[in-house]
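Protein chains in written order, with numbering that gives the first Met the number 0: chain A, 0 to 340; chain B, 0 to 340; chain C, 0 to 340; chain D, 0 to 340. Every residue, glycine too, gets a C-beta built ideally from N, C-alpha and C. The model shown is predicted, which means the values in this text are computed figures rather than measured ones. Here's the structure, in structure tokens; my notes come after.
There are 4 protein chains.
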Amino acid sequence: MNKLRFVLVGAGRAGMVHGQNLVHYIPEGDLKAVVDVDLKRAEETSASLGVKSFYSTLDEALEKEDCDAVCIASLTFTHREMIEKAAGAKKHIFCEKPLAQSLEEAEKIQEAVEKAGVKFQIGFMRRYDPGIRRAWEMVREGKIGDIVLIKSTGRGPGLPAPWIFDREKSGGMLAEVSSHDIDSVLWFVDKKPHHLHLEAKNFKGQEIREEFPDFYDHYVLTMSFVEGPLGMIDGGCPVGYAYDARIEILGTEGMIKVGETEARGPVLYTSDKKSWRDNQSSWRDRFREGYLEEMKSFIRSVLEDQNPSPSIIDGKRVVKVVELAHKSLGQQSPVLWEGEW
Amino acid sequence: MNKLRFVLVGAGRAGMVHGQNLVHYIPEGDLKAVVDVDLKRAEETSASLGVKSFYSTLDEALEKEDCDAVCIASLTFTHREMIEKAAGAKKHIFCEKPLAQSLEEAEKIQEAVEKAGVKFQIGFMRRYDPGIRRAWEMVREGKIGDIVLIKSTGRGPGLPAPWIFDREKSGGMLAEVSSHDIDSVLWFVDKKPHHLHLEAKNFKGQEIREEFPDFYDHYVLTMSFVEGPLGMIDGGCPVGYAYDARIEILGTEGMIKVGETEARGPVLYTSDKKSWRDNQSSWRDRFREGYLEEMKSFIRSVLEDQNPSPSIIDGKRVVKVVELAHKSLGQQSPVLWEGEW
Amino acid sequence: MNKLRFVLVGAGRAGMVHGQNLVHYIPEGDLKAVVDVDLKRAEETSASLGVKSFYSTLDEALEKEDCDAVCIASLTFTHREMIEKAAGAKKHIFCEKPLAQSLEEAEKIQEAVEKAGVKFQIGFMRRYDPGIRRAWEMVREGKIGDIVLIKSTGRGPGLPAPWIFDREKSGGMLAEVSSHDIDSVLWFVDKKPHHLHLEAKNFKGQEIREEFPDFYDHYVLTMSFVEGPLGMIDGGCPVGYAYDARIEILGTEGMIKVGETEARGPVLYTSDKKSWRDNQSSWRDRFREGYLEEMKSFIRSVLEDQNPSPSIIDGKRVVKVVELAHKSLGQQSPVLWEGEW
Amino acid sequence: MNKLRFVLVGAGRAGMVHGQNLVHYIPEGDLKAVVDVDLKRAEETSASLGVKSFYSTLDEALEKEDCDAVCIASLTFTHREMIEKAAGAKKHIFCEKPLAQSLEEAEKIQEAVEKAGVKFQIGFMRRYDPGIRRAWEMVREGKIGDIVLIKSTGRGPGLPAPWIFDREKSGGMLAEVSSHDIDSVLWFVDKKPHHLHLEAKNFKGQEIREEFPDFYDHYVLTMSFVEGPLGMIDGGCPVGYAYDARIEILGTEGMIKVGETEARGPVLYTSDKKSWRDNQSSWRDRFREGYLEEMKSFIRSVLEDQNPSPSIIDGKRVVKVVELAHKSLGQQSPVLWEGEW
């Protein structure tokens, strides 16, 4: 097996990123078919990618295509069904974040994957961003001593699709916008949270609240780890000005910042005595290398029979943080992390 | 009256900054005497500044010196006594932050000042930092719409003097290290907080807790404003790597960052393929211009009979935030701001 | 023809970059064989790339392999021979910079390519760097008016291989280190130089001068364009601290800077109150995307029967600048550009 | 003598900077009178500074005022006359750059000052800029080994006053705009130049050439030092976008950059996904601290009977570089530095 043959489920934005990488930048990936509930979109996407087959259901694709793996980039609330089908067919699975919209669903997913014994990787691509990975290594090398405080800021320029507003389907804005931030904090700290507390407000989505009264668009999540550091995550959208992803880690012996609001590129100096540059405009550009390398790593893991990383456990922990955070928001006070790490 | 004649109370670090500015950089200031409970320190300081007189009590200085104003940079828990004496002698007052160690003391101070009818300015010098002031103006000009989230980070390289560890005397680490951050958040938002919540931990000062069991050295303060934004302050010391003061203001139409961890100056590129620069090493360097301009402004206010700013009310609000935050820390849940703004 | 089948000539550093891109990142490229005069190196390189065939001569490879194109990354003084063979066999050609060690050779190369009617692209990958390309577009869009001055700095961390020291073989240090800078200046200005002047000194290579008396390691090239701007190029190696490539374009209405000495990545703040970051350490990292995209573009040009760019003319102009610059260095005064643009 | 009593000659832009510093920021300076050929301007300036006396000639001021020193900020071609008068009256002299419009004048000035035995400082304030001074110290400490190449860029946002266009009066644009850059290069290298070469063009001042045919507005000056580094200065105005002053020093062991086009201050991120900041807009802001500290240093030198620095020799060397550079421009080839260092 020299190439890994994929079916891609979900022809939305994240699906397109994975599809383009598999077709144009990863020789060892072989995209056989595109699945989308919207058959027309599946067809157009497969055409634009130069892929022959397209389907409206994963069942059909699994029946008709010889494939080794499924890349799941469909709506969050369909993840469980897609993963159960893929696992049932003994296909290896790459799944976009968040793993699920609730901890209960995440548990079911874990069961299905473990029972099938297939390989599974969750799409926390920031772990494959060279800068964030280097920061993580520096922490591991002891460059800043023990972590005292870790802050992650994650903001998107636009609003996500309307189905996201329904917390039952998406896990809510925290899950949609900040799953990567939560994973980063947990990955860097690598300890069990003691308690956490979410403050959230709705600044721009007044009309959204008419249908979804618990909708919020900006928030601050505070975490305290067992015998460990404090954590702060702030997130929100739409912020317009950038796709803004930054992490700051304060340790007993130093500090690390990684991530910049500005994109690399020219700086223009104009006659009004100002200088301007482009900001990071999209997660697609900002994490282009992360998306490419996470998929290459997943393929390598399967081809060489290694354990992919990040794992389903990593995916589940983030879902649990989101669920506890929403509980804290409801009761307007911190909540304890109960159960194991 | 062409020059304002000062008595300086407190020959510590902040006192030295004001003393040097009055002597070496502010022609319209005239420093007549230095007061310190440690008479030897008062003598040495006055000698180093080229000032003729020194005393161990403010009473004595007020009796013997012709002066117009008192600059108070003594220990926090002495502020009330010093201010009452100065006000009693009808001297104008410039007072270092924090105003007092408790809200009760702050109220008494306000009474004394108002009764005497003297001018009073609290030393929130960041309002005179050109960058922070420009950011504040940009917010007022509507450059970023309405504030959605404001974050202020304040960290000091070393530990403060041991008397600070006693919350009864100093108001605690939050008051000592983050009074400027709290003032900045309140100044930018200019609305009444709805509730606030302090998370704090002790990472480096284990032995300090033996004497002061409630001691903490790093913390995160979350604030929510009435019909307004969220606020986050994180602070701590000793962090070693810098005097680090940064503010970030997210609005409905844009974002502003102000303050940098690095100092201006040369960047050195070395053969190990690294580049390094000096960080901001001290509040004295970072806010050199702020300290100078706040004092020039105070002098101008007195000489031209204007109201100095920031006012005693600004000082009192910060004390109230500190007191509520400590209450929240004790009960491990958010507390409401009660009473007027 | 879905994929372009390549023979790679030259298994050195640049050859490896192209080989890895063709094998690991460009699905539409198909590397059939590696050629190197050192057969063992050819074998090792082909093995490490997972390529089946290797040869010690291009003749043999052309005879035995079905291929569409040749990627030439061999020593400069062999370019003419390799290009003539490839063109003779009607293969499309991608050739690394510099095109040749002398203008006379470059003319011969151009003849051979034009006679064969094959497609040819010279490896000025900076034109495919997103930042430099964006800067070039901004100039074309009129963002800074007319160019007044353009500066390009190019420095390498280490010394090139010893055969480079022989100007007869390599075109000299200016050709080796600054061909990209010269091309950038010509590409941005797009006008004929009026005269140019090279100042050069030898700071680190004293022992090299024993064998090559005209060796220099640092230099400044000044250019003046006909009814156009001034140009400055400074270059040199080994500088140790970075692979440093920066361009600055001053126009009548503004200024653009592009390229940074520092790499993107974490910033570490340490207890000595310093902050440090990694510099750009290698052209391979700095222009990773440029190398990838130039090759994808070349392949697309061939597959879609377009003219590749930059062209053989672009390659020849840079060789001419180098030759005139060396003449100017010899006579210690500026020399005129004679002949057409 | 506790304060140094000054007469200020020249109420233009540079004169105002010195006047304001002496009055508002330097307690040990005492400005007694303002002299300007335009008596009305002298009167307005003295009024705005709160200074009692004003005159249209230095003679009159010297006759009527008790003073210790003269600060000369009048037009370049008047420097010799003003310095001769001040020296004749045994007054210490602070003189703005450039020292003179020709080397011949500079020699006469030196004679007059040496004969009078008064203290003299030339206004190369960049030596008092904390960042540039720190860079110079780092070079002296051996942080980058021996200097290989030094580059200084100096550009002004607007055109200087029309009298500057007359090279006979001002020394020309190179003297006006780049005297500080030339001094910096000489100060860092501290060796005798071997030869130098000026390339200059006129991009914006077409109509100026009607009256002054040798007028140029942008230029590149290349220098080669005896057994030493290469130097490059580029300058010009009006560039609109900033007051831009940057130095880069490449050494055998590393590299230093100092000076930034952008001012410190807020960064604004806007909904078009751009970020902007203010550039350095004026030499007054950029070198505010340099202007203040050079004058404090001059006063200290006089009060404590030390030799002020930079000296008249430093001033003269810059005039010589300008004169040789113009010779090189005329003959379109490099010229040798003859005579001593």
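CB residue i to CB residue j, shorter than 9 Å?
| i | j | result |
| --- | --- | --- |
| VAL238(A) | ARG154(A) | yes |
| VAL318(A) | SER101(A) | yes |
| LEU342(B) | ARG4(B) | Examination of residue 342(B) is not possible in this model, given that chain B is present from 0 through 340 alone. |
| LYS142(D) | GLU252(D) | yes |
| ILE311(C) | ILE131(C) | no |
| LYS315(B) | ALA105(B) | yes |
| LYS200(B) | SER332(A) | no |
| VAL138(C) | ILE255(C) | yes |
| ALA41(B) | LEU61(B) | no |
| GLY9(D) | ALA72(D) | yes |
| LYS96(B) | ARG79(B) | no |
| SER270(D) | GLU261(A) | no |
| MET231(C) | HIS17(C) | no |
| GLU198(B) | HIS217(A) | no |
Could you check how far apart the C-beta atoms of residue i and residue j are, in whole angstroms? I think they sit under 8 Å.
| i | j | result |
| --- | --- | --- |
| PHE119(A) | ILE146(A) | No, PHE119(A) and ILE146(A) are not in contact; Cβ-Cβ is about 28 Å, not under 8 Å. |
| LEU220(A) | ALA324(A) | 6 Å |
| SER151(A) | ASP128(A) | Incorrect: roughly 13 Å between the Cβ atoms, too far for contact. |
| LYS272(C) | ALA134(B) | Their Cβ separation, rounded to whole angstroms, is 25 Å, which puts LYS272(C) and ALA134(B) out of contact at 8 Å. |
| LEU148(A) | PRO228(A) | 6 Å |
| PHE123(C) | ASP313(C) | 6 Å |
Interface residues of chain C around residue i at Cβ under 9 Å?
| i | result |
| --- | --- |
| GLY235(B) | The contacting residues do not exist; GLY235(B) stays about 14 Å from chain C at best. |
For residue i, which residues in chain C fall below 7 Å Cβ to Cβ?
| i | result |
| --- | --- |
| ARG125(A) | What ARG125(A) touches in chain C: nothing, since even the nearest Cβ is about 13 Å away. |
| ARG133(A) | GLY264, PRO265 |
Given a threshold of 16 other Cβ atoms within 10 Å of its Cβ, counted over all protein chains shown, does residue i qualify as buried or as exposed?
| i | result |
| --- | --- |
| TRP162(A) | exposed |
| ALA174(A) | buried |
| ASP284(B) | exposed |
| ALA46(A) | exposed |
| LYS89(B) | exposed |
| ASN306(B) | exposed |
| GLU226(A) | exposed |
| GLU113(B) | exposed |
| TRP336(B) | buried |
Within 9 Å of any Cβ in chain E, is that where the Cβ of residue i sits?
| i | result |
| --- | --- |
| SER270(A) | Here chain E cannot be found, since the structure's protein chains are A, B, C and D. |
In chain D, which residues lie less than 8 Å from residue i when you measure between Cβ atoms?
| i | result |
| --- | --- |
| GLU252(C) | GLY239 |
Could you list which residues in chain D have their beta carbon closer than 7 Å to that of residue i, in chain order?
| i | result |
| --- | --- |
| GLU136(C) | Residues of chain D passing the Cβ test: none, with the nearest at roughly 16 Å. |
Does at least one heavy atom of the ligand ADP sit under 8 Å from the Cβ of residue i?
| i | result |
| --- | --- |
| GLN109(C) | Annotation note on the ligand ADP: not contained in the displayed structure, which lists no ligands. |
Output, in chain order, the set of chain B residues within a Cβ distance shorter than 8 Å of residue i.
| i | result |
| --- | --- |
| SER223(A) | GLU198, LYS200 |
How would you list, in chain order, the residues of chain A whose beta-carbon sits under 9 Å from the beta-carbon of residue i?
| i | result |
| --- | --- |
| ILE255(C) | PRO265, VAL266, LEU267, TYR268 |
Please compile the residues from chain B whose C-beta is within a distance smaller than 7 Å of the C-beta of residue i.
| i | result |
| --- | --- |
| GLU261(C) | SER274 |
| HIS23(D) | PRO26 |
In chain C, which residues lie less than 8 Å from residue i when you measure between Cβ atoms?
| i | result |
| --- | --- |
| MET231(D) | VAL219, MET231, ASP233 |
Against residue i, what residues of chain A qualify as contacts under a CB-to-CB distance less than 7 Å, listed in chain order?
| i | result |
| --- | --- |
| LYS63(C) | Per Cβ cutoff of 7 Å: no residues; LYS63(C) is ~23 Å from chain A at best. |
| GLY130(C) | ARG263, GLY264, PRO265 |
Could you list which residues in chain D have their beta carbon closer than 9 Å to that of residue i, in chain order?
| i | result |
| --- | --- |
| GLU277(A) | Contrary to the premise, residue 277(A) reads as Asp rather than Glu in this sequence. In chain order: LYS272, LYS273, SER274. |
Using a C-beta to C-beta distance shorter than 9 Å, which residues of chain B count as neighbours of residue i?
| i | result |
| --- | --- |
| PRO156(C) | SER270, LYS272 |
Ordered list of alpha helix (DSSP H) runs contained in the stretch 158-187 of chain B, each at least 4 residues: 166-169
Beta strand (DSSP E) segments (min. 3 residues) lying fully within the stretch 255-312 of chain B: 266-269, 273-277
Unbroken stretches of the beta strand (DSSP E), 3 residues or longer, contained in the stretch 45-89 of chain B: 52-54, 68-71
Complete beta strand (DSSP E) runs within the stretch 85-142 of chain C (minimum length 3 residues, chain order): 91-94, 119-121
Minimum length 4: unbroken alpha helix (DSSP H) runs contained in the stretch 198-244 of chain B: 207-210
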